[in-house]
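Chemist: Okay, here's the structure, questions in a sec.
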Amino acid sequence: MCHAPCDFNKCVCKDGYYRNSQGNCTEPKKCRRERCGSANSVRKSCAKPLECQISCLQKEEPRFCKSLKCIPFGCECEEGFVLYYDEKGLPTCIPQSKCP
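Using my numbering, you'd call the opening residue of the sequence shown number 209 and step up by one each time.
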């Protein structure tokens with residue numbers, strides 16, 4: 209996933225560059241080609257942050273999400289799929305009907 213800022217107290221990419229899944233700053237055109245890490249997910253030019261995506265535990269988008277910026281070239285679950293955090297705590301996209 210390509211996104212601009214790093215975690216707190218870490219580096220930030222130069223203007224116009226985004227961090228890819230290997231942690232390197234890269235041009236936006238290269239982000240568009242990078243695959244999403246989860247099956248049943250799709251890369252978007254302006255994806256919702258994870259905490260704002262519909263999940264097995266969160267059936268509606270929280271109100272605070274309206275004020276958050278999108279994630280450039282981030283991933284979202286495809287239509288009919290929702291976020292589910294596996295036993296390792298990693299986000300994956302599963303059919304909504306398969307939510308525990």
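Note that beta-carbon positions come from the ideal geometry of N, C-alpha and C, so glycine has one too.
1) Quick one: what's S263 bridged to in DSSP?
2) Check whether the Cβ atoms of Q261 and L298 lie closer than 9 Å to each other.
3) How would you label V220, buried or exposed, when you count the other beta carbons within 10 angstroms and need 16 or more for buried?
4) Around the C-beta of R243, are 16 or more other C-beta atoms found within 10 angstroms, so that it is buried, or is it exposed?
5) Who are the near neighbours of Y225 in its chain, counting only those whose CB is closer than 7 Å to its CB and skipping five residues on each side?
6) My assumption, with CB atoms under 8 Å, is that C278 sits in contact with K296. Please give the rounded CB distance.
Modeler: If we stick to the structure as given:
1) L291
2) no
3) exposed
4) exposed
5) C233, T234 and E235
6) C278 to K296, Cβ: 26 Å. No contact.
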